[in-house]
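**Q** Encoded as structure tokens, here's the structure I'll be asking about.
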Amino acid sequence: MLKKTLFQLHWFFGISAGLVLALMGITGAAVSFQDEILRALNPQVLTVEKQPAGVLPPAELVEQIEAASGKTVSMLWVETDSGNAARVIFTAPPGEKRGPMRYFNPYNAQFLGDVVGQDFFGLLLRLHRVLTLDDVGRQITGACTLILVFFCLSGLYLRWPRRWRSWRAWLTLDWRKKGRSFNWDLHSVAGTWCLLFYLLAALTGLTWSYDWYNKAVSQLLSDSPKEERVRNRGPAPSGPPPVADYRAMWSSIYSAAGPDLSSYNVRMPPVAGQPATVFYMLKNSPHDRALNQLMLDPTTGAVSRHSRYSDKSLKAQLLTSIYALHVGSYFGLAGRILVTLAALTMPLFFITGWLLYLDRRRKKRQASQARRALAGNPGNAPAWLIGFASQSGFAEQLAWQTAGQLQAAGLPVNVQPLANVNDRDLSNATHALFVVSTFGDGEGPDSARGFERKVLGRALSLERLQYSVLGLGDRQYENFCGFARRLHTWLAEHGGKTLFAPVEVDSGDPYALRHWQQQLAELTGQTPADTWQAPSFENWTLTQRSLLNPDSSGSGVYLLGLTAPGPSSWLAGDLVEILPRNDPWAIEHFLDGLGIAGQARVQVDGLSLSLEQALATRQLPENRAHLVGLHAQALVDALAPLAMREYSIASIPADGVLELLVRQERHADGNLGIGSGWLTEHAPLGSAISLRLRRNSGFHLPAKGVPMILLGNGTGLAGLRSLLKARVAEGMQRNWLIFGERQREHDFHCRDELEEWVASGDLERLDLAFSRDQQQKIYVQDRLRQSAPLLKQWLADGAVIYICGSLQGMASGVDQALTEILGAEEVQHLIEQGRYRRDVY
């Protein structure tokens, strides 16, 4: 909850205060090298030729300046041996805050000309400090500076990486990313680089914005409370001006500073009876604001207080050096350059922040439109029933697209999940379309099990019903589109008449989907705008790979990290489909003896590739006798493409990386499986992985506040981990995980993370089943049986059960244990309520 609140405040302040901070950054950077720029533009005015005799003493300078100008000097700033022009400020005329300033030659007291660009830098400085709005502007810039402190601290918390000890996770930018992913990376990585500079600039800059802050800093850092730096913004004191004896003052200044005097700044009091203030620097001063201070009587030169920079404590030196810290000169020229670069970077965060905000708004709008029910159509015609049964969300997507095509033709529609369709709906319907997927060994999705038991098991009269079925499946499984075929058979046996023959789709085959669209077009007369298809594969970058179970007696389990090529998002519980590749050794071995060069050019889907590149995507049979004598193109055409592999996502988008848990599969001959071998060993870090996201709506988070029970083994932890991460981000702590593996010492995947969640209360209960740590093997289902009373209590509180892992072993064992504990009827009831969700393989 805290993280979500901080995120909302972070982006809200970003889009409201970001423009002001960007302006402050640009103007601050522009004035940071003001003196050097002005000297370059005005070499005849701001630089003078040094004389062996040295600069004139203050008494002679003031005497000649006042005689030439007819004005009284109130401030004199002289550098004794730099070759830079000196400055004088005259007493302000009545009604004005500050008198005019002139540059002069400190060697002969001659006035120099006007400085080109000084008014421009003055405007920039006013923009930087008060936006040219005086007190109102000071309040705005002060508030924005406080917000900058919040940005730094909240941004650090929000982007805190899981592997926080890795400097690469903090400081490296992946230039191969595109779109939102790159903007997020740039925003967070650049923010980390600039964080300390922004904190330094903000915490020092606030001393010019708020008197309360200035007083607090002075009390905190000053060696003596009596020496607090408090600006006086009240009315100026009145009275006659002092009569100054500059010779006496110079004697005191030189006596205090000695021959190492580098510069001095004499500031006369506005009225007689007050001390003059002199700031001076020595040649060995550590930075340009390491000022020493004298308070002396302007008429006698008597020193009332002498404060040396070198005598101060470190904290008091920092108080004296606040401006130097603000601009970076405290750390020398390198510090000034770094602070300037950080200030110039400020608009970057405003721009990338807005891009991320607009992208987030766009996606929310699209999601809202996608979920919004189709508008009702006028007329009295009965609505077409469109029922869907989806395990991963693709069937649901196609159902809504089907509804859209019908509605575009003016037909009313009623889109429902099969779980909500009853026998009365079917009896009353005249037209129906069913979009259903098949799961496991010919089973319907979990969400449709209640429909199959309650409806398909009954005898209905469907003489009025005209229907068709779109079945989704995978021909790798024996009972391809088994549920769709059972549904079609039942509808036909009970009197339904087909609008057109059932359409079966193998792994999102676009040609089959196009056929379904064309059949709908013939019925409605509405030609589809484009072909529906599963999302296309994109090339993601493999950025990390770490072995989680070294020395384990089982196969290696790897944590993989992939970054998207552009804007990408997913929900906890979603899946990815990956197109694997054959490793180069397997391709070389396959070509050996066929007499074809691996560099021969072939065409694949309209692209020109080398034969080796093409074979990387093809199934390579052991028996090659039927392939001998084929030329390169014929060889590629004769080989079937590699089937995609499906994995549960183990992270959430806020992590900034899509993570997978992949176990290496080894065949009897010792060779690695194609999919797991490609991901865990053969694909080099930084290489492209063909991947597409797949919605898994049946495995998404429950409603907020609902308890969650998670059961999984091995790499099944992946899907559960993403759910837990999302729950932790939401502040939902009623979570119970039962996880099983071989040995605690070697196979406790993500141990630190899980134990940290337990310690923080984000994971209320963690039960572990390490089967090989004792003589009698213990599995997840055994832990579940041991906790039967607690399970019933959680379910009574409305808990939702999630299972992720192997279908034949753990999942079937858990299903049996649940049936023993709760009864078959109650388990069926949980499934129909959507409170028993499975992502098993």
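At position 154 of the sequence shown (counting the first as 1) the number is 1018 in the working numbering, and the numbers step up by one without a gap.
Note that CB positions come from ideal geometry on N, CA and C, so glycine has one too.
Please report the residue range of the alpha helix (DSSP H) in which residue 1113 lies.
**A** Run containing residue 1113: 1110 to 1121, per the alpha helix (DSSP H) assignment.
**Q** For residue 1700, count neighbouring Cβ atoms within 10 angstroms of its own Cβ and tell me buried if that reaches 16, exposed if not.
**A** The residue in question, residue 1700, is buried, as its Cβ has 16 or more Cβ neighbours within 10 Å.
**Q** Would you mind listing the beta strand (DSSP E) stretches within the region 1289 to 1338 that are 3+ residues and don't spill past its ends, in chain order?
**A** Here the runs fully enclosed are 1295 to 1301 and 1330 to 1337.
**Q** Within its chain, find whatever has a CB closer than 8 Å to the CB of residue 1529; leave out the 5 residues flanking it on each side and keep chain order.
**A** Within the same chain, residue 1529 has close Cβ partners 1419, 1536, 1537, 1539, 1540 and 1541.
**Q** Should the region 1457 to 1477 be regarded as contacting the region 1427 to 1434, the criterion being three or more beta carbon pairs within less than 8 Å?
**A** No, the region 1457 to 1477 is not in contact with the region 1427 to 1434.
**Q** Compute the distance between the beta-carbons of residue 1300 and residue 1348, then report whether it is under 8 Å.
**A** Cβ atoms of residue 1300 and residue 1348: closer than 8 Å.
**Q** Grouping DSSP H, G and I as helix and E and B as strand, with all else coil, what is residue 1408?
**A** Strand at residue 1408.
**Q** Do you know whose CA, among 1608, 1341 and 1084, lies nearest residue 1179's CA?
**A** For the residues 1608, 1341 and 1084, the minimum Cα distance to residue 1179 belongs to 1084.
**Q** Between the C-alpha atoms of residue 1363 and residue 1381, what's the straight-line distance to the nearest angstrom?
**A** Their backbone Cα atoms lie some 13 Å apart in a straight line.
**Q** Rounded to whole angstroms, what is the Cα-Cα separation between residue 879 and residue 1213?
**A** Distance between the alpha carbons of residue 879 and residue 1213: 10 Å.
**Q** Is residue 1081 helix, strand or coil by DSSP?
**A** The answer is helix: DSSP assigns residue 1081 an H, G or I state.
**Q** Do three or more CB pairs link the region 1142 to 1162 to the region 1188 to 1199 at distances below 8 Å?
**A** Yes, since at least three Cβ pairs between the region 1142 to 1162 and the region 1188 to 1199 fall closer than 8 Å, the two stretches touch.
**Q** DSSP on residue 1194, reduced to helix/strand/coil?
**A** Here residue 1194 sits in helix by DSSP.
**Q** Below 6 Å CB to CB, which residues in the same chain sit around residue 1307 once its five sequence neighbours on both sides are set aside?
**A** Excluding sequence neighbours, residue 1307 sits near nothing in its chain.
**Q** For residue 1199 and residue 1059, what's the separation of their Cα atoms in angstroms?
**A** Going from the Cα of residue 1199 to the Cα of residue 1059 covers about 14 Å.
**Q** Helix, strand or coil for residue 1284 per DSSP?
**A** In this structure, residue 1284 counts as helix in the three-state DSSP scheme.
**Q** Are there three or more Cβ pairs, one per stretch, closer than 8 Å when the region 940 to 958 is compared with the region 903 to 919?
**A** Judged by Cβ distances under 8 Å, the region 940 to 958 makes contact with the region 903 to 919, as three or more pairs qualify.
**Q** Determine the burial state of residue 1283: buried for a count of at least 16 other Cβ atoms within 10 Å of its Cβ, exposed for fewer.
**A** Buried: at least 16 other Cβ atoms inside 10 Å.
**Q** Determine the burial state of residue 1137: buried for a count of at least 16 other Cβ atoms within 10 Å of its Cβ, exposed for fewer.
**A** The residue is exposed, with fewer than 16 neighbouring Cβ atoms inside 10 Å.
**Q** CB residue 1574 to CB residue 1587, shorter than 8 Å?
**A** It is a contact, given that the beta carbons lie within the stated cut-off.
**Q** DSSP three-state call for residue 855: helix, strand or coil?
**A** The structure shown has nothing for residue 855, since the chain only spans 865 to 1705.
**Q** For residue 1120, tell me which candidate among 1496, 1107 and 1142 has the shortest Cα-Cα distance.
**A** Among 1496, 1107 and 1142, the Cα nearest to that of residue 1120 belongs to 1142.
**Q** Should residue 1053 and residue 1036 be called a contact, given that it needs their Cβ atoms to be closer than 8 Å?
**A** In this structure, residue 1036 lies closer than 8 Å to residue 1053 by Cβ.
**Q** Determine the direct distance from the alpha carbon of residue 1065 to that of residue 1004, and round the result to whole angstroms.
**A** Roughly 16 Å between the two C-alpha positions.
**Q** Quick one: what's got a C-beta closer than 7 Å to residue 1641's C-beta in the same chain, skipping five residues either side?
**A** Excluding positions up to five away in sequence, the list reads 1635.
**Q** Verify whether the separation of the beta carbon atoms of residue 1168 and residue 1123 is less than 8 Å.
**A** Contact flag unset, no.
**Q** Quick one: what does DSSP say residue 1131 is sitting in, helix, strand or coil?
**A** Strand at residue 1131.
**Q** Taking DSSP as the reference, what is the three-state secondary structure of residue 1660?
**A** In this structure, residue 1660 counts as helix in the three-state DSSP scheme.
**Q** Report the three-state DSSP secondary structure of residue 976 (helix, strand or coil).
**A** Here residue 976 sits in coil by DSSP.
**Q** Quick one: is residue 1247 near chain D, going by C-beta distance under 8 Å?
**A** Looking at the structure shown, chain D is missing, and only one protein chain is on hand.
**Q** The beta strand (DSSP E) with residue 1553 in it runs from where to where?
**A** Looking at the DSSP string, the run of the beta strand (DSSP E) that includes residue 1553 is 1552 to 1558.
**Q** Kindly indicate which three-state DSSP category residue 889 falls into: helix, strand or coil?
**A** Three-state DSSP puts residue 889 in a helix.
**Q** Find the nearest neighbour of residue 1344 within the set 1024, 1077, 1305 and 1414, judged by alpha-carbon distance.
**A** Ranking the options by Cα distance to residue 1344, first place goes to 1305.
**Q** In the DSSP output, what is residue 1602 paired with across the bridge?
**A** BP columns for residue 1602 point to 1575 and 1631.
**Q** Nearest to residue 1439 by alpha carbon, out of 1374, 1500, 1266 and 1513?
**A** Answer by Cα proximity: 1513.
**Q** Pick helix, strand or coil for residue 1138, following the three-state DSSP scheme.
**A** If DSSP states are grouped into helix, strand and coil, residue 1138 belongs with coil.
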